[in-house]
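Undergrad: Structure in structure tokens, see below.
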Amino acid sequence: MKIGIFFGGQPREREISFAGGKTVFEHIDKELFVPIPVFVDSLGNFILIDNQLLYKNSIREFFPPPAMISDKTYSVYVESLVNTEGLEINEMIAAIGKRIEPQDFKNYFDMVFIAMHGPQLEDGAIQGLLEWYGIPYTNSGLMGSSIGIDKIAQNQLMELALRQGKISHTLTRKHWQKTDKLILFQKLIEEIGLPLVIKAPHQGSSIGVNIVKENDFQSFVKAVNQCFFIQSITKKDWIRLDERAKIQYLQKLTNVNEGLGMPVVLSLSESVSDELNGHICNHPQEVKERLDFHFRFGDEEIFLISTESESQVLLENYIKGKEFSCGVIQDENGNPIALPPTEIIVGETFDFNSKYQAGGSRKRLPMEATLDELLEVQAKCCQVFKQLQFKVCTRIDGFLTADSKIFLHDPNTIPGMSPTSLVFKQFAEIGLNPTQTISYLIRTSLQARLETGKNTHNLWKMLSDLDNRIDNQRNNRGYKEKIAILFGGFDHPQESLHKARKEYAKIASSGSQIPVLLYLTGDSENKQYYILPFNLLFKEDIMEINQSLLSDKHPLILETIKNAQAITNKYADAILSKAILIEYEEAEKMVKEVRDLIGNVK
22 MKIGIFFGGQ PREREISFAG GKTVFEHIDK ELFVPIPVFV DSLGNFILID
72 NQLLYKNSIR EFFPPPAMIS DKTYSVYVES LVNTEGLEIN EMIAAIGKRI
122 EPQDFKNYFD MVFIAMHGPQ LEDGAIQGLL EWYGIPYTNS GLMGSSIGID
172 KIAQNQLMEL ALRQGKISHT LTRKHWQKTD KLILFQKLIE EIGLPLVIKA
222 PHQGSSIGVN IVKENDFQSF VKAVNQCFFI QSITKKDWIR LDERAKIQYL
272 QKLTNVNEGL GMPVVLSLSE SVSDELNGHI CNHPQEVKER LDFHFRFGDE
322 EIFLISTESE SQVLLENYIK GKEFSCGVIQ DENGNPIALP PTEIIVGETF
372 DFNSKYQAGG SRKRLPMEAT LDELLEVQAK CCQVFKQLQF KVCTRIDGFL
422 TADSKIFLHD PNTIPGMSPT SLVFKQFAEI GLNPTQTISY LIRTSLQARL
472 ETGKNTHNLW KMLSDLDNRI DNQRNNRGYK EKIAILFGGF DHPQESLHKA
522 RKEYAKIASS GSQIPVLLYL TGDSENKQYY ILPFNLLFKE DIMEINQSLL
572 SDKHPLILET IKNAQAITNK YADAILSKAI LIEYEEAEKM VKEVRDLIGN
622 VK
């Protein structure tokens, strides 16, 4: 079966999507599937690209093609160049691959794995396009997707389902521009309280999330504008910047994860009417020239407004408690099964940087709580999953307060697919490695698409063929070579852990071999070798592996394994309950080959 892996896209989360697409490409089972990487650019073009481009560090390293950019002062996306430097989009696409049209998708792949996030990609738009052309796709369908991207609708529906008692307020941009902002701020403090959480309702990856902690009116105004994707700059602030500082300011503005992105509108106020009379700038250099000109002759503050701004923002009460994330999946009968909740330990808020920058947060799996509390979290997540009509796999975030109250928010119908993502960690606890997880997502998504009553004959055939291949693969596992991955050691154990993750993915995704984790610890005088359960490979670091080495599984993990037993049996072998101490020579006899990622330690 040919799987088109869609990554990139138009929204602010495109770089996260790029990383996820590469992960799916690397981990997908090559025995079951043929992966076809499809880059969706920020103009909405679908491009078959060379596999090697997946190994660039970011989209902007290969598109727009660097060789076609004359001025490299700024690192920009393609939307900044199409209308400003006379470059032809077809020429740029031809430099990295081949454009394909939706009506021709069936000529290239049988199904789409959606590794994209944000508006148009999680809200049902791309799902509707694929359904129109009869192409099955992964994760939730149209209804679940449309709910999953809209935080305002989520709040309303989860309140009906759970009666959580969260306090929230929706603020439209038109009301924001007309109201007395100080009176509004004081009213919100009275009704909702401080700290005040402000969210852009259609963004993911914690983009457009602010917390106003103190009774600071200017901070409030700035936070609301940021969630509307509006920034302002005064003459005083602009003219005190030298040329280098101006470039740095505008580069940050261009970065979609922390700035506004391009294009932006230069306006004399944040009002919609002034925005419509403002000037659209596609390139940061154009913004610089216009700001230079404006402040040379005028003193009025300038507002920079994203052309993809929000029309509403969501304001909520701040909930003090343990922050967690819990994946919910489905068995073959459509019943929801909650995975073990992961506790997110951060300094202030689980924002973009704490999610995706190294060291930005720590995770504890399962969350530190009583067994009854953990089971209640799972039950409530399953309830939301079912009532909001999510399918296949959804990650649901929430808080557990000191008095055992549970508040759920922000369901994510396309969880992140980075190598150490929360969902992969949680699947690992029930016995599925990333390769098997991807197979589960594809197979379960095929079954979910059957529920639409569209294209059913073809979907039944695809599902039956895939089930036969999965069954044959499981029956033949006993005949496959086992390859041991030796890592750990004493000099650079953390480096060897990163290598082991990559080597494990390479072996597991080949479909022809079975990886075995052989871990070395102790010291040079007393070497200790362990066969590891593979879920330990997803611990944060070597120290956490050592702490978990001989620990018994948490009761919640055991309960979740039991609930998911039918799923695990279909895609994986029996779960190794804990690490096994073993002599090196004995381990060597168990496998065809030992791949030493340490060197000179035996």
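Numbers in the numbering used here are just positions in the sequence shown, counted from 1, shifted up by 21. Where a beta carbon is used, it is the ideal one built from N, C-alpha and C, also for glycine.
Under DSSP, the alpha helix (DSSP H) around Thr391 begins and ends at which residues?
TA: For the purposes of this step, residue 391 is identified with residue 370 of the sequence shown, where counting begins at 1. From DSSP, Thr391 is part of no alpha helix (DSSP H); its letter is neither H nor E.
Undergrad: Can you give me the C-alpha to C-alpha distance between Glu344 and Phe420, rounded to a whole angstrom?
TA: As a position in the sequence shown, residue 344 is number 323, starting the count at 1. As a position in the sequence shown, residue 420 is number 399, starting the count at 1. So the alpha carbons of these two residues sit roughly 5 Å apart.
Undergrad: Tell me Met132's beta-bridge partners as DSSP assigns them.
TA: Residue 132 sits at position 111 when you count from the first residue of the sequence shown. Paired residues: Ile24.
Undergrad: Could you check where the beta strand (DSSP E) with Arg416 kicks off and where it finishes?
TA: Residue 416 sits at position 395 when you count from the first residue of the sequence shown. Counting along the chain, the beta strand (DSSP E) containing Arg416 begins and ends at Cys414 to Leu421.
Undergrad: In chain order, what residues of the same chain lie with their CB nearer than 6 Å to the CB of Tyr377, ignoring the 5 residues before and after it?
TA: Residue mapping note: residue 377 aligns to position 356 of the sequence shown, counting from 1. Reliability of the predicted coordinates at Tyr377 is poor, the pLDDT of 46 falling under 50, and no value is obtained from them.
Undergrad: Which same chain residues end up closer than 8 Å to Thr589 when comparing Cβ atoms and leaving out the 5 residues on each side of it in sequence?
TA: The residue you call residue 589 lines up with position 568 of the sequence shown. Cβ neighbours of Thr589 beyond the five flanking positions: Ile451, Gly452, Leu453, Ile582 and Ile596.
Undergrad: Given that a residue counts as buried once 16 or more other Cβ atoms are within 10 Å of its Cβ, and exposed if not, what is Ser91?
TA: Reading the sequence shown from its first residue, position 70 is the one you call residue 91. Exposed, since its Cβ has fewer than 16 Cβ neighbours within 10 Å.
Undergrad: Using DSSP's beta-bridge definition, name the partner residues of Ile68.
TA: Stepping through the sequence shown from its first residue, residue 68 is reached at position 47. The partner list for Ile68 (beta bridge, DSSP) reads Phe60 and Arg120.
Undergrad: Leaving out five residues on either side along the sequence, give the residues of the same chain with a beta carbon under 7 Å from the beta carbon of Ser530.
TA: Translated into the one-based positions of the sequence shown, residue 530 becomes position 509. Same-chain partners within the cutoff: Glu47, His48, Ile49, Asp50, Lys51 and Thr456.
Undergrad: Could you tell me which of Ile326, Met22, Asp295 and Gly29 sits nearest to Asn128, measuring between CA atoms?
TA: Mapped onto the sequence shown, residue 128 falls at position 107. Residue Met22 is the option with its Cα nearest to Asn128.
Undergrad: Count the other C-beta atoms from every protein chain shown that fall within 10 angstroms of the C-beta of Met283, then say buried if there are 16 or more, exposed otherwise.
TA: By 1-based counting over the sequence shown, the position of residue 283 is 262. Buried is the call here.
Undergrad: Buried or exposed: which applies to Ile619, given that a residue is buried once 16 or more other Cβ atoms fall within 10 Å of its Cβ?
TA: Taking the first residue of the sequence shown as position 1, residue 619 is located at position 598. The residue in question, Ile619, is buried, as its Cβ has 16 or more Cβ neighbours within 10 Å.
Undergrad: What residues in its chain sit with their C-beta under 6 Å from that of Leu274, if we drop five residues either side in the sequence?
TA: Taking the sequence shown and counting its residues from 1, the one referred to as residue 274 is at position 253. Once the five neighbours on either side are set aside, the close Cβ partners of Leu274 are Gly280 and Leu281.
Undergrad: Does Leu137 pass the burial test, meaning 16 or more other C-beta atoms within 10 Å, or should it be called exposed?
TA: Residue 137 sits at position 116 when you count from the first residue of the sequence shown. In the sequence as presented, Leu is not what sits at residue 137; that position holds Met. So Met137 ends up on the buried side.
Undergrad: How big is the Cα-Cα spacing for Glu329 and Tyr98?
TA: In the sequence shown, the residue the question calls residue 329 occupies position 308. In the sequence shown, the residue the question calls residue 98 occupies position 77. Rounded to the nearest angstrom, the two C-alpha atoms are 15 Å apart.
Undergrad: In chain order, which continuous runs of the beta strand (DSSP E) of length 3 or greater are located wholly inside the stretch 542 to 605?
TA: Runs of the beta strand (DSSP E) inside the stretch 542 to 605: 547 to 553 and 601 to 603.
Undergrad: Secondary structure at Tyr461, three-state DSSP: helix, strand or coil?
TA: Indexing the sequence shown from 1 puts residue 461 at position 440. Note: Tyr461 maps to helix in three-state DSSP.
Undergrad: Alpha carbon to alpha carbon, how far is Val133 from Ala521?
TA: Residue mapping note: residue 133 aligns to position 112 of the sequence shown, counting from 1. Residue mapping note: residue 521 aligns to position 500 of the sequence shown, counting from 1. Using only the alpha carbons, I get a separation of about 29 Å.
Undergrad: Ordered along the chain, which non-local residues of its own chain (more than five positions away) have a Cβ less than 7 Å from that of Ser38?
TA: By 1-based counting over the sequence shown, the position of residue 38 is 17. Contacts found: Phe28, Gly29, Gly30, Ala136, Met137 and His138.
Undergrad: For Met179, which option in Thr200, Leu409 and Glu331 has the closest C-alpha, if you only look at C-alpha atoms?
TA: Numbered from its first residue, the sequence shown carries residue 179 at position 158. Of the candidates Thr200, Leu409 and Glu331, the one whose C-alpha sits nearest the C-alpha of Met179 is Leu409.
Undergrad: So if DSSP puts Ile326 in a beta bridge, which residue, or which two residues, is it bridged to?
TA: Walking along the sequence shown from the start, residue 326 turns up at place 305. Paired residues: Ile251 and Val286.
Undergrad: Restricting to runs no shorter than 4 residues, where is the alpha helix (DSSP H) found entirely within the stretch 293 to 371?
TA: The stretch 293 to 371 contains these whole alpha helix (DSSP H) runs: 293 to 297 and 305 to 318.
Undergrad: Please list the segments of the alpha helix (DSSP H) lying wholly inside the stretch 473 to 540, counting only runs of 4 or more residues, in order along the chain.
TA: As far as the stretch 473 to 540 is concerned, its whole alpha helix (DSSP H) runs of at least 4 residues are 477 to 496 and 514 to 531.
Undergrad: Confirm, please, whether the CB-CB distance from Thr363 to Lys384 is below 8 Å.
TA: As a first step, residue 384 must be located in the sequence shown, where it is residue number 363. As a first step, residue 363 must be located in the sequence shown, where it is residue number 342. Going by C-beta atoms, Lys384 is nearer than 8 Å to Thr363.
Undergrad: Return the first residue and the last residue of the beta strand (DSSP E) that Asp125 is part of.
TA: By 1-based counting over the sequence shown, the position of residue 125 is 104. Careful: Asp125 lies outside any beta strand (DSSP E) and carries neither H nor E.
Undergrad: What is the DSSP secondary structure of Leu53, reduced to helix, strand or coil?
TA: In the sequence shown, residue 53 corresponds to position 32, counting from 1. Three-state result, Leu53: coil.
Undergrad: At the level of alpha carbons, what is the spacing between Thr477 and Arg265?
TA: If you number the sequence shown from 1, residue 477 lands on position 456. If you number the sequence shown from 1, residue 265 lands on position 244. Near 59 Å, if we compare the C-alpha coordinates of Arg265 and Thr477.
Undergrad: Spell out a yes or no on whether the stretch 111 to 128 and the stretch 60 to 72 are touching, meaning 3 or more CB-CB pairs, one atom from each, closer than 8 Å.
TA: Yes, they touch.
Undergrad: Does DSSP put Asn149 in a helix, in a strand, or in coil?
TA: As a working note, residue 149 is residue 128 in the sequence shown. Per the sequence shown, residue 149 should be read as Gly rather than Asn. Helix.
Undergrad: Could you pull out every residue in the same chain whose Cβ sits closer than 7 Å to the Cβ of Glu165, ignoring the five residues on either side in sequence?
TA: Counting from one through the sequence shown, the residue named residue 165 turns up at place 144. Residue identity check: residue 165 is Gly in the sequence provided, not Glu. Hits under 7 Å: Leu409, Gln410, Phe411, Lys412 and Thr434.
Undergrad: Given a cut-off of 8 Å, decide if Ile506 and Pro536 are closer than it, judged by their beta-carbon atoms.
TA: On the sequence shown, position 515 is the one that residue 536 refers to. On the sequence shown, position 485 is the one that residue 506 refers to. Result yes, Cβ atoms of Pro536 and Ile506 sit closer than 8 Å.
Undergrad: My guess is that Met113 and Pro86 are in contact by the Cβ rule of under 8 Å, so how many angstroms apart are they, rounded?
TA: By 1-based counting over the sequence shown, the position of residue 113 is 92. By 1-based counting over the sequence shown, the position of residue 86 is 65. That belief holds up - the Cβ atoms of Met113 and Pro86 are roughly 6 Å apart, short of 8 Å.
Undergrad: Closest to Asn496 by CA distance: which of Pro436, Gly474 and Ser533 is it?
TA: Here residue 496 corresponds to residue number 475 of the sequence shown, with the count starting at 1. Comparing Cα-Cα distances from Asn496 to each of Pro436, Gly474 and Ser533, the minimum goes to Ser533.
Undergrad: Buried or exposed: which applies to Asp313, given that a residue is buried once 16 or more other Cβ atoms fall within 10 Å of its Cβ?
TA: Locating residue 313 in the sequence shown gives position 292, counting from the first residue. Asp313 is exposed by the Cβ-count criterion.
Undergrad: Given this structure, state the Cα-to-Cα distance separating Trp481 from Gln224, to the nearest angstrom.
TA: In the sequence shown, counting from the first residue as 1, residue 481 sits at position 460. In the sequence shown, counting from the first residue as 1, residue 224 sits at position 203. The straight-line gap from Cα to Cα measures roughly 35 Å.
Undergrad: Going by the DSSP bridge assignment, what does Phe428 pair with across the sheet?
TA: Looking up residue 428 in the sequence shown gives position 407. Per DSSP, Phe420.
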